[in-house]
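Here the structure comes first, spelled out in structure tokens, and everything after it is commentary.
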Amino acid sequence: MKPIIATMLTIVLLVGTAAAADELAQLKALKTKQWIVPELALKMVRIPAGTFIMGSPQDEIDRRDDEVRHEVTIGSPFYMGVYEVTQKQYYDIMLPDFDHDSWMYLRGPLHAGAAFHYRERAVKSWRSWMGSKEMKLQYPMECVTWHKAREFCRKVTQRERKAGRLPKGYVYRLPTEAEWEYACRAGSTGSYNVEGDGNQADYLKSAGYLKSFAVIEGGKTERVGERKPNAWGLYDMHGNVYEWCLDWYGAYPTGKVKDPTGPAEGRKKVARGGSFSGLAPHSPPGHMARGDSVRDAGPCLRSASRDKFSPDANFYAILGFRVVLAPEVGSERE
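Just so we're on the same page, my numbering is the position in the sequence shown counted from 1, plus 66.
Here is the structure:
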């Protein structure tokens, strides 16, 4: 029996190896629908090339003046993280040998850019800095600068290039603002990527509707992937944490464009998607939502809504990121 078992195990291993090789070949050909970055458990979904209208119409509720509508073409397919980057994924890359069990503080182990929501309070008092045994490693990474988010992407790129698992000309990076809105909308044209009942203000700001797809209450983040995804299988594109984009913030073009990457320079970087807090992004550090956060969150949550932060900001518990595997652009070329 032992030779038979050994033979069967060999066959299983060969089949598994062949399947993995075929999946990698499909990735390199940009044809596989999903890809999970080995060892990191970073799940990606294929976003097709296409054309869409970026920005919002004049009559959209809570519209802002910087959302000028214009036609954008995304020239190549790319892959986007199904979820926002979690604390575990971030720390596995940035602090691979860290002993999380020994770090019992509320905030995460990085002194510059530590996750604000790392552990629950051990004592129900705001004066307590010690955390409980429950870690929030499957919650989105936050309080992370644009520079640190970019460094994370580059480290993943270097690792995957060394392993021979990158499509030609593609890297892991932050999405451009156009890529982000295109993926967020997933073919939708309304205020949010989960269509509501018409364009009625009361309904579009109702708790039941918004909370079905967005984390916007409780004054804190939530495990990624707990709400309804969009049509392309992306979770938390609205709410939970703002997501860094590659672009400097600036005025939109007014004509048709292809694969835009934003202004060549600027003072602040774009962040999209809103957060768990209904407050404006420039509230005090670590500030939590108060009052009717559900109704106040709408303007920032919308698919077309644009916000901006200093790329050095490392103290906002509302600010995280999501990665794409996409064509190299500008300074992301290595």
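Backbone N, C-alpha and C fix where the C-beta goes; we use that ideal spot for every residue, glycine too.
Count the other CB atoms, across all protein chains shown, that sit within 10 Å of the CB of T287; report buried if there are 16 or more and exposed otherwise.
Result: buried.
How many Å lie between A317 and S376 at the Cα?
17 Å
Using the rule of at least 16 other Cβ atoms within 10 Å of the residue's Cβ for burial, across every protein chain shown, is S369 buried or exposed?
buried
Exposed or buried, which one is Q124 when buried takes at least 16 other CB atoms within 10 Å?
Q124 comes out exposed.
Pop quiz: V307 and G256 are said to be a contact at Cβ under 8 Å. What is the actual Cβ separation, rounded to whole angstroms?
That pair is no contact at about 22 Å.
Can you name the residues that DSSP bridges to D373?
A337
7 Å CB neighbourhood of K202 in its chain, flanking five on each side removed:
Q153, H183, Y184 and R185
If we call anything under 9 Å between Cβ atoms a contact, is T174 one with Y149?
Checking the sequence shown, residue 174 turns out to be Gly, not Thr. In terms of Cβ geometry, G174 and Y149 do not form a close pair [threshold 9 Å].
Going along the chain, which unbroken runs of the beta strand (DSSP E) with 3 or more residues stay wholly within the segment 251-339?
Restricting attention to beta strand (DSSP E) runs no shorter than 3 residues, the segment 251-339 encloses them at 308-314 and 335-338, ordered along the chain.
Looking at the structure shown, is P393 part of a helix, part of a strand, or coil, going by DSSP?
strand
So what's P206 in DSSP terms, helix, strand or just coil?
strand
Could you please give the first and the last residue of the uninterrupted alpha helix (DSSP H) stretch that includes F218?
W212 to K228
What is the residue span of the beta strand (DSSP E) that M160 lies within?
Run containing M160: none in the beta strand (DSSP E); it sits in the alpha helix (DSSP H), Q153 to M160.
Taking the beta strand (DSSP E) that Q100 belongs to, which residues open and close that run?
Q100 to V103
State the start and end residues of the unbroken beta strand (DSSP E) segment that holds L108.
From DSSP, the beta strand (DSSP E) with L108 extends over L108 to I113.
Using a Cβ-Cβ cutoff of less than 8 Å, which residues in the same chain neighbour Y248 once the five nearest sequence positions on both sides are dropped?
I113, G116, F118, M120, V138 and I140
With 9 Å as the threshold, decide whether the Cβ of Y301 is near any Cβ in chain B.
In the structure shown, chain B cannot be found, because there is only a single protein chain.
What is the residue span of the beta strand (DSSP E) that H136 lies within?
Per DSSP, H136 belongs to the beta strand (DSSP E) from H136 to I140.
Should G147 go down as buried or exposed, given a rule of 16 or more other Cβ atoms within 10 Å for buried?
buried
N-terminal and C-terminal residue of the beta strand (DSSP E) that Y145 is part of:
F144 to G147
Leaving out five residues on either side along the sequence, give the residues of the same chain with a beta carbon under 7 Å from the beta carbon of K294.
Excluding residues within five positions, the ones whose Cβ falls inside 7 Å are V260, S278 and F279.
Check whether the Cβ atoms of V336 and H136 lie closer than 9 Å to each other.
For V336 and H136, no; Cβs fall outside 9 Å.
Through-space distance from C311 to D131, alpha-carbon basis:
20 Å
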